[in-house]
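Position one of the sequence shown corresponds to residue 1 (the UniProt record's numbering), numbered consecutively onward.
Don't be surprised by glycine CBs; every beta carbon is placed ideally from N, CA and C.
Keep in mind that this is a model prediction, so the values were computed, not measured.
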Amino acid sequence: MPEPSDASEAKPVFIKGGIIVNHDFSVKADVLIQNGVVRAVGNLNPPDDAEVIDASDRFVLPGGVDLDCHIGESCMDDPVADTYASASKSAVLGGTTTIIPTVESAHLTSLLDTFDHFCSSTDGQMACDYGACLRVPCYSAQVKEQMELLVKEKGIGMFSFRLDYPQDSSDPESSDGLNDEALRQILRLCRQLGVLPVVPALAPNLLVKQLTDLIRYKHPNIGPELHDFNQPERAEADTIRRACLHAFHAGLVCPLLISRIHSASALNCFIEERRKSRGLLFGQTTISAIGAALSNSDLFPEVTEGPAFTKSRDWHIAAGYVCEPPLRPDVDLSERLLVGLTSNDSLTVSSGHRAISTAARAALGLNRSANIPKGVASIGCRLAVLWHCGVENNGGLDPCSFVRAVSTDPARLANLYPRKGRIAVGSDADIVIWSNPGAYEECKLDKFIPNDVPNIFAGLRIGSLPEVVMLRGHIVVRDGKICPGACACGKLLTVKPFSQLTFSRVPALEQSIAIDLKPITREPYTGKVAGSLPSADADQPKETHYHRKEYYDNVPKVALPPGQRRIHTSVKTVQPPGGSSNVFFSDE
């Protein structure tokens with residue numbers, strides 16, 4: 001892909017006096033960048049030909065890594081409001097330098113063809129580095145072969161699956177997700193290939209459809225609030241429990257990433273299942289689930305609950321909050337999610353980005369709320385909103401925890417670490433210099449949102465943003481603005497299977513389960529078995545003549561063997577009624 005200049009001829013870049021922040025430590029140091037990678041970190045002197053960037057008393061962070069976003073080409077089935085170029089520009093403007101978008105694949109469409117189309121569409125369009133997480137709608141022998149090729153030849157390290165219940169078991173197209181048998185097979189394949197399966201905590205489509213029909217039958221004119229009722233929290237928790245049952249409790253051990261944790265029920269279920277999975281279950285929420293409720297409380301401080309998102313009386317505001325799974329106006333949930341980000345390798349934050357314009361929502365769902373396209377725009381807001389809510393406003397995060405949640409652990413899950421997600425010698429020079437508080441007075445994040453797309457973070461007053469963003473040593477954002485020519489810097493990333501974070505503990509856990517399942521030696525059972533037939537060589541009970549007396553009733557006693565004559569008490573004969581008499585004596 002084209003770059004602003006050849007890496008071998010690029011000038012060295014020297015970042016002076018910043019506070020280097022990684023997930024495990026922070027230190028004040030200088031950074032020397034050459035040929036797109038970090039060459040030295042410490043108390044350094046700049047080379048004579050280096051470009052010096054003064055980062056005194058500012059945080060220097062590794063670029064963000066986003067594992068859950070949806071961007072692409074707009075069409076009737078997918079009316080997104082941005083393009084690959086515009087979405088990736090918003091990402092780098094907000095400090096995200098690597099994205100792994102979810103690539104949708106239709107039923108009976110080759111995964112290889114879907115990936116090839118994605119590669120051709122993104123070629124020369126991306127302003128950040130990127131990979132792909134293909135969503136697999138069904139499972140078959142052909143899908144298995146295609147997944148193996150994608151992992152071994154194309155460098156794909158993640159696949160996404162939606163769980164559902166088929167409406168017709170004989171029709172593979174009756175469902176847009178996997179049933180239990182398909183899930184079990186595909187998890188086994190992911191374990192063999194060393195790739196990470198991703199299951200979003202969504203209600204099954206079949207349940208959503210049934211609830212939608214029931215609600216619309218009783219309330220034909222219901223508005224966007226329909227989406228709060230047809231996707232219950234319990235269904236999200238059941239999806240997590242069902243996925244974990246097959247991943248860890250069905251004779252299989254497969255690491256699993258649960259994305260889109262948007263409710264208290266889903267969070268509680270995740271915490272419970274993670275404890276049972278011995279740390280091989282990973283979670284991912286979205287910045288919308290954290291920031292939207294806090295933004296709402298800031299926007300309406302006089303109201304305890306505030307307008308409840310999709311229950312707003314303004315249709316375009318209510319429709320702007322429609323996403324999957326629903327956002328809940330629950331500040332306590334936002335605070336609990338922030339607490340979860342402080343625990344080691346437990347929970348990370350993605351954007352969950354899918355930008356839909358208000359006009360597109362109205363065109364498809366104004367008269368039929370079930371058809372409102374789902375999604376919120378957040379790819380550029382992720383780092384700024386989390387920093388504002390979690391670090392600056394006593395949300396419980398320190399800069400190291402922030403880096404772990406938005407950069408390091410996502411990179412480790414995608415097996416891109418330490419190339420991505422860390423500032424160290426040999427790492428890619430994906431670097432964000434964060435501005436001091438107050439540098440951007442009351443920024444409302446509008447510059448990260450496409451035109452005519454609702455801003456669900458409008459209530460937040462952001463005080464600090466990425467000031468300088470570097471992608472592999474190239475400065476793509478300076479003074480908070482995109483640099484000319486930055487739109488063609490992105491490269492397609494290939495990853496190796498068997499991530500250290502996700503798969504290193506699997507063999508030990510499998511061995512532990514094998515020991516726990518050691519058969520117990522017992523004496524063979526010799527008793528009776530109800531309903532079974534005796535075998536041919538079984539000992540039969542000894543037969544005596546007392547059991548067979550009826551066979552000899554019509555046989556003369558003299559014809560019987562001597563041992564059986566004593567049971568011969570009578571002989572049956574045929575006589576007329578009343579019997580017969582014979583003269584057997586005579587007077588003569």
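Indicate whether residue 397 and residue 495 have their beta-carbon atoms separated by less than 8 Å. no
From the DSSP output, in three-state form, read off residue 30 for me. Strand at residue 30.
I'd like to know if the region 398-416 and the region 104-120 are in contact, where contact means that at least 3 CB-CB pairs between them fall below 8 Å. no
Tell me the rounded alpha-carbon separation between residue 602 and residue 230. There is simply no residue 602 to check, as the chain begins at 1 and stops at 588 in what is shown.
Tell whether a beta-carbon distance below 8 Å holds between residue 437 and residue 392. yes
Can you tell me whether residue 210 is buried or exposed, with buried defined as 16 or more other CB within 10 angstroms of its CB? Classification of residue 210: exposed, given that the 10 Å Cβ count is below 16.
For residue 20, which residues from the same chain have a beta carbon less than 6 Å from its beta carbon, with the 5 sequence-adjacent residues on both sides left out? Cβ-Cβ distances below 6 Å link residue 20 to 27, 29, 60, 423 in the same chain, with the five nearest sequence neighbours on each side left out; the list follows chain order.
My output table needs one value for residue 491: the three-state DSSP class, helix, strand or coil. Three-state result, residue 491: coil.
Helix, strand or coil: how does DSSP classify residue 365 here? helix
Would you mind stating whether residue 427 and residue 465 have Cβ atoms separated by less than 8 Å? no
List in chain order: all unbroken beta strand (DSSP E) runs of 3+ residues lying wholly within the region 78-153. 96-99, 133-135
Between which residues of its own chain and residue 448 is the CB-CB distance below 7 Å, once the five residues before and five after are set aside? Here the set comprises 90, 93, 94, 380, 381.
So, for residue 58: in the same chain, excluding its five sequence neighbours on each side, which residues have a beta-carbon less than 8 Å away from its beta-carbon? 18, 19, 433, 434, 435, 436, 467
To test your reading of the DSSP string, which unbroken beta strand (DSSP E) runs of 3 or more residues are found completely within the region 31-66? Runs found: 37-42, 51-54, 59-62, 64-66.
Spatial neighbours of residue 305 within its chain, please: CB distance less than 6 Å, with the 5 preceding and 5 following residues excluded, ordered by chain position. Any reading at residue 305 must be qualified, since the residue scores a pLDDT of 49, below 50, and its modelled position is unreliable; the value itself is stated next. Excluding residues within five positions, none has a Cβ falling inside 6 Å.
Should the region 233-244 be regarded as contacting the region 335-347, the criterion being three or more beta carbon pairs within less than 8 Å? no
Let me check one thing: in DSSP terms, what residues is residue 186 bridge-paired to? Per DSSP, none; premise fails for residue 186.
Pull up the DSSP beta-bridge partners for residue 481, would you. 478
Residue 151 and residue 195 look like a contact to me (Cβ under 8 Å); what is the Cβ gap, rounded to whole Å? Confirmed, Cβ separation roughly 6 Å.
So which of 212, 290, 389, 106 has the shortest CA-CA distance to residue 267? Here the closest residue by C-alpha is 290.
Checking the sheet assignment: what are the DSSP bridge partners for residue 206? Bridge partners of residue 206: none, in fact.
Simplified DSSP state of residue 546, which is helix, strand or coil: Because residue 546 carries a pLDDT of 49, less than 50, the predicted location of this residue cannot be relied on, and the following value inherits that uncertainty. Residue state, collapsed to three classes: helix.
Under the three-state DSSP convention, the category residue 469 falls into: strand
Please state the DSSP three-state secondary structure of residue 312. Note: residue 312 maps to coil in three-state DSSP.
Can you tell which of 503, 520, 521, 576 has its C-alpha closest to the C-alpha of residue 192? Of 503, 520, 521, 576, the residue nearest in Cα terms is 503.
For residue 284, which residues does DSSP report across the bridge? 348
Hey, residue 377 and residue 363: beta-carbon distance below 8 Å or not? no
Own chain residues within Cβ distance below 7 Å of residue 265, not counting five before or after: Only 233, 234, 236, 237 meet the Cβ criterion.
In or out: residue 284 buried (at least 16 other Cβ within 10 Å) or exposed? buried
Just to confirm my understanding: we take residue 326, look at its own chain, exclude 5 residues before and 5 after, and list those with CB closer than 6 Å. What are they? 227, 228, 231
Determine which residues share a DSSP beta bridge with residue 16 and list them. 54
What's the call for residue 425, buried or exposed, on a 16-neighbour Cβ count within 10 Å? Exposed, since its Cβ has fewer than 16 Cβ neighbours within 10 Å.
Pull up the distance between the alpha-carbon of residue 136 and that of residue 277, whole angstroms please. Going by the C-alpha atoms only, they are around 24 Å apart.
Helix or strand or just coil, what does DSSP make of residue 159? strand
Nearest CA to the CA of residue 13: which residue from 23, 22, 37? 37
CA-to-CA distance, residue 254 to residue 190, given in whole angstroms: CA-to-CA, the gap between residue 190 and residue 254 works out to about 7 Å.
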